[in-house]
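Numbering (my numbering), first residue to last: 4 to 262. Ideal Cβ placement from N, Cα and C applies to all residues, glycine included. Small disclaimer: the values here were computed from a predicted structure and weren't measured.
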């Protein structure tokens, strides 16, 4: 009881027992929050720790002499038609990784690829390095391209080739959360550098191996792909290789995930 101004005012003073109870409750709350944060961090790490979320699909483990020719397209309307003409003429199945904006601007090309039996997969939306986008940025990028590609092809899209072949653990986990497998390559043709037809041919033919995923391009910035392609096809077949789509190649063996 405190006296002042002729009035008595009761001031509550908690007992030691009450203070201990309050302290215990606060400690329990803090521990609960801490455990929740720790569990969320552990789950995020565990969710991204599968083999597919640490490495990209680069080839297929198989003893059969078969490989997949894969083509990225992001720009132009000239080289896509030239490459397609070669593949159709030589009866070569292939897989095309299309950027969302290019597909949206040239729907007739996409429908032609589907009509002619080629496999259409995703090259993402904005042509930027995925490692710079963060988890949510990669998800948004892939989803935007997915909407366009599904609408134009009428088929689900399973594979994503990140622009410039750039990826990190976060981007791989983000793609995986959408049901996508991130694909890079086993052999790079170097056609994107326009190093000369002979160099492109030798890069592919000399380095190809059973289960290989070969990187080529059908964008207009690549000026020599259509000239090198008939020679690549001829020489690979002479070496006994079957040329397949990525999906058909995966039926021959186990996916090989590597960093």
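What is the rounded straight-line gap between the Cα of residue i and the Cα of residue j?
i, j, result
"residue 165", "residue 174", "9 Å"
"residue 74", "residue 219", "5 Å"
"residue 129", "residue 234", "33 Å"
"residue 103", "residue 143", "12 Å"
"residue 77", "residue 222", "6 Å"
"residue 167", "residue 241", "31 Å"
"residue 137", "residue 83", "31 Å"
"residue 131", "residue 217", "21 Å"
"residue 252", "residue 122", "12 Å"
"residue 149", "residue 61", "22 Å"
"residue 70", "residue 258", "13 Å"
"residue 247", "residue 72", "7 Å"
For residue i, tell me which candidate among the options has the shortest Cα-Cα distance.
i, options, result
"residue 193", "79, 227, 154 and 161", "227"
"residue 229", "198, 202, 72 and 86", "86"
"residue 163", "208, 210, 119 and 146", "146"
"residue 141", "65, 254, 185 and 153", "185"
According to the Cβ coordinates, are residue i and residue j closer than 8 Å?
i, j, result
"residue 100", "residue 116", "no"
"residue 68", "residue 243", "yes"
"residue 209", "residue 189", "no"
"residue 119", "residue 91", "yes"
"residue 155", "residue 205", "no"
Is it buried or exposed, residue i, if we count other Cβ atoms within 10 angstroms and call 16 or more buried?
i, result
"residue 237", "exposed"
"residue 135", "exposed"
"residue 96", "buried"
What span of residues does the beta strand (DSSP E) with residue i cover, start to end?
i, result
"residue 129", "Segment: none, residue 129 is in no beta strand (DSSP E) and carries neither H nor E."
"residue 94", "Counting along the chain, residue 94 falls outside any beta strand (DSSP E), and DSSP gives it neither H nor E."
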